[in-house]
Amino acid sequence: MAVGAACLTLACEADVGATRAAQRPDTPDTTDLPPVFGDADVVETHDSVGGRFRVHFTRAGQHAVPLDDDDMDGTPDYVQEVGEEYERVLAFFTDELGFAAPLSDADVPDNGGDDRFDVYLLDFPPGADGSFRRDECTLAPTRCPGHMLQENDFAGRGYPSRSVATRILASHELFHAVQAGYEAEPGVVVGEGTAVWASEAYDPSLDDFESFVGGYLSRPERSLGQEPTGPVDPFSYGAGLFFRFLEERHDRGVIRELWETPAPGGAIDWLAALDAVLATRGSSFPEAFAELARWNLYTARRADAELAWAEGAAYPPVTERAVELPYADDLVRVFPASVRYYAAPTGARGEVEVASTAADPANLADVRLLLAFEEDGRITHTRETAEARLSAPAQTATTVHVALVGTATSGGSRRVGLCVGSPAEVSACLGEGTEADGGPTPVDAGAPDAGLAPPTSGGCAVGTPRALPAGWALLAALGLLARRRRR
Amino acid sequence: MRLILGLTLTLFAFGCDDGAMVVDDAGTTPETDAGLPPGDSGAPPVDSGAAREVACVDESISQLMLFDDVSSGAITEESAESGTFVHHVDATAGGRAPTESYVYARFTDAGLEKVEIDDESAFESNDWHIALRRFVIRVNGGVSGPGTVTAARTAPDTAFETLDAVPDGLMYREEAYFTDTCEYVSDGSGIGSPATALASFWTYAGCVAMTGNVYVVALPSGRHVKLQVLSYYSPDVQTTCDESSTISSPSGAGNLRIQWAFLD
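Top to bottom, those sequences are chains A and B.
By the numbering used here, the letter at position 370 of the first sequence is numbered 353, and the numbering carries on one by one without gaps.
Remember, the numbering used here sits 60 above the position in the second sequence when you count from 1.
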């Protein structure tokens, strides 16, 4: 697992230093960010029956827990429920998934009283309802014990029930504690993505995962290796879909092995580490990611459990650019671990071709092409290649989906040109066969950026649309086609 | 941490400042880039076709979450008295996690005009002066665009209404929220927003409060604009935020109101 630059916890966000330990929320005069207990709060503890968790709570004031005590044993039922839920979650993570338990806080001076994992129930401000906070950490790799802060009553938080909220929070946040035992600064995308995945693995009936996957499917052009620069965003949570893919396509062990794989470096290195894990299964990151790109076309009404996601019908459609054929773009930025999708009516074309181009051939090496054909809401057939050109018969399909799949694990964007249409239209787009004798014209290696037919002056320069108008092939053949050039 | 999406930002310590700056002699006119649009004539934007290549575009696209579709956000003039304009800019961009480009605009004698351009194309365009999305405002220069627009914060006690000339001693900044090696520079707010030249128009202590800072924006034409951001939320919510650090819902977040006027 790579060492990332981002933080997962409020404490971390408040203090850049990797070894800065969060204080406990009942520490007198704590300087940690809210929520924390006040001086007047009477903080009690309850130890879970399993013996591995201590729940800290108060019965009065802003942070008061629900006081129902049906069994009249003197401890609020909800506090006991929290303790038992964490016990079940931890057993699942360790016994079912094979992860190591969170590091013990036995050696932490301010450790909640003993070596049990501490869960503090507090009233969170709007916008958050749980947080794993790190205690003292080791360096290189950064490994930390920690403790949990969880919303005290979930009042007004929109969950179906307090029990559901607790299951979601316990499984999500405790997985951050598990992560911190391997690497406390893994990067936000892999950290939050695997936490959302873990929660779904623990209890598939929870809808947390399903509510987040749109965060990824709405921005497939964004790199999985790109950390958010602001607050944790829907994309990072939605990245849980990628880890669900790894589970469905391979097995759950991939995620555990990913966390067990040391790979010092930048935040994006988790992709390289994953590549190594997949190699043990005869696959690779490029192979897996290209398959994910195809699977993501099988969601919503196009779902097909035989060919892709088991629960794809519950996922929203992936975001595509709606275009008309023929279509060309002289500069598409394809970032590592990202996909650019396009959808277009096939029209009367019996065959559809896609070509990627680049003045620098190295830009094409990590960009795969995918064609998928749709009829009546179903994907009828697909083709994909690691080459720069791909064609397939449209058959009776009415819609063609095109994807540029960035399979690199690091680096900047691969800048490519894109031509889509019938084979003749693509040939024209590439500047082939435009000589008077009908012979092929080599791609202009000197063309800007992408190697498409060069821009021309003349009456076609207005607007520089992405989707080029009818008669485009003729214009291209006549050398009259203006193209958008972007840096 | 597990955030509840769709709600406002919460927590986080804060402390914006204007950071390092340079660029221009105080009170002097920035070098005019020959061939750039006049910027204040009210004439339709004309792309010079000779845009400077902007550094760190890849990083900008991926880290600022930029898009290649034009924002749907509108710019509406709310008042124009004695040369001072107040404009509402719909910079909501789809919500807290933006799904749209910035709203690009240029200052003209007729008002703040929207430039119909998307984020990626803006890196090749001199047509715009200022870009707005949520609580981030960029100007067209440095790593933000090929232009030469710069901005300076005036002295803390400067009143927008009485500022009638370009003050001496201003330190103009071009956008430099990426380093020379394209490392991201955040504004110190704790929430990771970029350290833009105008980043100190807000501060955060539970909500996006207005600082009231007054800025001078130097345009490529040589003219200067005085500018103050009045609100990020709906006006009444902004008042509550500024006074009590709390907001009510709906807050109208992302609806920027700015007042501005040419100084010369």
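Backbone N, C-alpha and C fix where the C-beta goes; we use that ideal spot for every residue, glycine too.
Predicted model only: the values in this text are computed from it and were never measured.
Return the first residue and the last residue of the beta strand (DSSP E) that residue i is part of.
i: valine 173(A); result: Run containing valine 173(A): none in the beta strand (DSSP E); it sits in the alpha helix (DSSP H), 171 to 185.
i: threonine 368(A); result: 361 to 368
i: tyrosine 310(A); result: 310 to 317
i: aspartate 30(A); result: 27 to 30
i: alanine 288(B); result: Here residue 288(B) turns out to be glutamine, not alanine, going by the sequence shown. 284 to 291 is the span of the beta strand (DSSP E), which, as asked, contains glutamine 288(B).
i: proline 376(A); result: 372 to 376
i: isoleucine 135(B); result: 135 to 141
i: histidine 147(B); result: 144 to 150
i: leucine 124(B); result: Segment: none, leucine 124(B) is in no beta strand (DSSP E) and carries neither H nor E.
i: histidine 130(A); result: 129 to 134
i: valine 38(A); result: 36 to 40
i: leucine 354(A); result: 350 to 358
i: glutamate 480(A); result: Residue 480(A) lies beyond the residue range present for chain A, which begins at -16 and ends at 470; the question has no answer from this structure.
Using C-beta distances below 6 Å, list every residue in its chain close to residue i, excluding the 5 sequence neighbours before and after it, in chain order.
i: alanine 386(A); result: Ala276, Val322, Tyr324, Leu353
i: alanine 83(A); result: Gly164
i: threonine 314(B); result: According to the sequence shown, residue 314(B) is glycine rather than threonine. Excluding positions up to five away in sequence, the list reads Ala151, Thr152, Arg194.
i: proline 217(A); result: Gly198
i: valine 146(B); result: Glu138, Ser139, Gln319
i: glycine 471(A); result: There is simply no residue 471(A) to check, as chain A begins at -16 and stops at 470 in what is shown.
i: glycine 404(A); result: Leu308, Pro309
i: serine 267(A); result: Asp258, Leu261
On the DSSP letters alone, give me the boundaries of the alpha helix (DSSP H) that residue i sits inside.
i: valine 297(B); result: 295 to 304
i: cysteine 412(A); result: 406 to 412
i: proline 217(A); result: 217 to 221
i: arginine 99(A); result: Element bounds for arginine 99(A): n/a, residue is neither H nor E.
i: leucine 157(A); result: 145 to 165
i: isoleucine 238(A); result: 236 to 243
i: valine 72(A); result: 60 to 74
i: arginine 112(B); result: Here arginine 112(B) belongs to no alpha helix (DSSP H), and DSSP marks it neither H nor E.
i: tryptophan 253(A); result: 252 to 262
i: glutamate 180(B); result: 179 to 182
Identify the contact partners of residue i in chain B, using a Cβ-Cβ distance below 9 Å as the criterion.
i: proline 143(A); result: Correct list: empty, because the minimum Cβ distance to chain B is about 15 Å.
i: serine 482(A); result: Lying outside -16 to 470, the shown extent of chain A, residue 482(A) is not represented and no answer is given.
Throw me the rounded Cβ distance for the residue i and residue j pair, which I believe falls under 8 Å.
i: leucine 224(A); j: leucine 254(A); result: With a Cβ gap of about 15 Å, leucine 224(A) and leucine 254(A) do not count as contacting.
i: valine 289(B); j: leucine 316(B); result: 6 Å
i: tyrosine 292(B); j: valine 268(B); result: 5 Å
i: valine 65(A); j: valine 91(A); result: About 21 Å separates the two Cβ atoms, so there is no contact after all.
i: proline 173(B); j: valine 199(B); result: Correcting the residue type first, residue 173(B) is glutamate in the shown sequence and not proline. About 15 Å separates the two Cβ atoms, so there is no contact after all.
i: valine 172(A); j: glutamate 210(A); result: 6 Å
i: proline 85(A); j: phenylalanine 100(A); result: 6 Å
i: glycine 95(A); j: glutamate 156(A); result: With a Cβ gap of about 16 Å, glycine 95(A) and glutamate 156(A) do not count as contacting.
i: alanine 265(B); j: serine 305(B); result: 5 Å
i: alanine 115(B); j: valine 203(B); result: 6 Å
i: glycine 213(A); j: isoleucine 251(B); result: 6 Å
i: phenylalanine 183(B); j: glycine 207(B); result: Not really, about 10 Å apart at Cβ, beyond 8 Å.
i: alanine 341(A); j: arginine 284(A); result: About 35 Å; that fails the 8 Å criterion.
Short of 8 Å in beta carbon distance, which residues of its chain neighbour residue i, apart from the five on each side in sequence? Order them along the chain.
i: leucine 200(A); result: Gly221, Leu224, Asn279, Thr282, Tyr298, Pro299, Pro300, Val301, Thr302
i: serine 188(A); result: none
i: proline 108(A); result: Pro17, Pro18
How would you list, in chain order, the residues of chain B whose beta-carbon sits under 7 Å from the beta-carbon of residue i?
i: aspartate 216(A); result: Ala157
i: serine 396(A); result: Asp118
i: arginine 284(A); result: Within chain B, no residue comes near arginine 284(A); the closest Cβ sits about 22 Å away, beyond 7 Å.
i: phenylalanine 318(A); result: Ser122
Note down, in chain order, every chain A residue with its Cβ under 7 Å from the Cβ of residue i.
i: tyrosine 244(B); result: Thr212
i: aspartate 240(B); result: Going along chain A, no residue has its Cβ under 7 Å from aspartate 240(B), so there is no contact; the nearest lies around 16 Å.
Check the Cβ of residue i against every Cβ in chain A and list those closer than 8 Å, keeping chain order.
i: glycine 252(B); result: Pro211, Thr212, Gly213, Pro214
Could you name the residues of the same chain whose beta carbon sits closer than 7 Å to that of residue i, not counting the 5 residues immediately before and after it, in chain order?
i: glutamine 298(B); result: Met270, Ser291, Tyr292
i: arginine 474(A); result: Because chain A spans -16 through 470 in this model, residue 474(A) falls outside it and cannot be assessed.
i: glycine 102(B); result: Note that glycine 102(B) scores a pLDDT of 39, beneath 50, so its modelled location is shaky; the value from the coordinates is reported in the next line. Closer than 7 Å at Cβ, skipping near neighbours: Thr168, Asp169, Ala170.
i: glycine 394(A); result: Pro319
i: serine 181(B); result: none
i: aspartate 24(A); result: Thr41, Gly44, His46
i: threonine 92(B); result: Confidence at threonine 92(B) is low in this model, with a pLDDT of 34, below 50, so its placement is unreliable and no value can be given for it.
Report whether the distance from the Cβ of residue i to the nearest heavy atom of the ligand GDP is below 6 Å.
i: tyrosine 165(A); result: With respect to the ligand GDP, the structure offers nothing, as it holds no ligand at all.
7 Å is my cut-off, CB to CB: does residue i come that close to chain C?
i: arginine 42(A); result: Among the chains of the structure shown, chain C does not appear; the protein chains present are A and B.
Exercise for the section: Give, in chain order, every unbroken run of the beta strand (DSSP E) that is at least 3 residues long and sits entirely within the stretch 196 to 222 of chain B. Expected result: 196 to 199, 210 to 213
Practice task
Only counting runs of 3 or more residues, tell me where the beta strand (DSSP E) segments fall wholly within the stretch 244 to 281 of chain B, in order along the chain.
Solution key: Every unbroken stretch of the beta strand (DSSP E) spanning 3 or more residues and falling wholly within the stretch 244 to 281 of chain B is given here in chain order: 262 to 264, 268 to 270, 274 to 278.
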